[in-house]
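**Student:**
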Amino acid sequence: VEQLHRIFRLCGTPSQEYWKKLKLSTTFIPPKSYRPSLVETFKDLPPSSLGLLCTLLALDPAFRGSSSKALKNQFFLTSPLACDLSGLPTIYKEDDENIQAKEQIK
Numbered sequence: 021v022e023q024l025h026r027i028f029r030l031c032g033t034p035s036q037e038y039w040k041k042l043k044l045s046t047t048f049i050p051p052k053s054y055r056p057s058l059v060e061t062f063k064d065l066p067p068s069s070l071g072l073l074c075t076l077l078a079l080d081p082a083f084r085g086s087s088s089k090a091l092k093n094q095f096f097l098t099s100p101l102a103c104d105l106s107g108l109p110t111i112y113k114e115d116d117e118n119i120q121a122k123e124q125i126k
């Protein structure tokens, strides 16, 4: 439970609509609501990385970015480059779609 509170302090508490989607939504209801603090916590990061970080750490999977979209983010395209993109493995859109389909079935 403490880990959830730490996540909520950083990413914000999910909305009531999000909780209603969960099967066990009545099992755990956080006693306190938190506003997202990612931007304040990581204010020293380059601006191009903050949007990427917020997208990748979105609690609601509907708003969370995929790895293939993340690699197209400005963070990876702006100098100085985070890494040499040619050295990264190729990610196929098919793979992302298969993973998302399997997760939706769960």
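Heads up: the sequence shown runs through residues 21 to 126, numbered per our numbering. All C-beta atoms, glycine included, are put in the ideal place defined by N, C-alpha and C. Nothing here was measured: the structure is a model prediction, and the numbers come from that model.
1. Hey, out of Ser35, Phe96, Ile125, whose CA is closest to lysine 52's CA?
2. What does the alpha-carbon distance come out to for the pair glutamate 22 and leucine 70?
3. When the Cα atoms are used, what is the spatial distance from leucine 72 to leucine 79?
4. By Cβ distance below 7 Å, which residues in the same chain neighbour leucine 58 in space, the five residues on each side in sequence not counted?
5. Name the residue from Ala121, Glu60, Ile111, Leu91 whose alpha carbon lies nearest to the alpha carbon of alanine 82.
6. Verify the contact flag: serine 99, CB atom, against every heavy atom of the ligand NAP, threshold strictly below 7 Å.
**Tutor:** Based on what the coordinates show:
1. Ser35
2. 25 Å
3. 14 Å
4. Leu30, Cys31, Leu73, Cys74, Leu77
5. Ala121
6. Absent from the structure shown: the ligand NAP. Ligands present: none.
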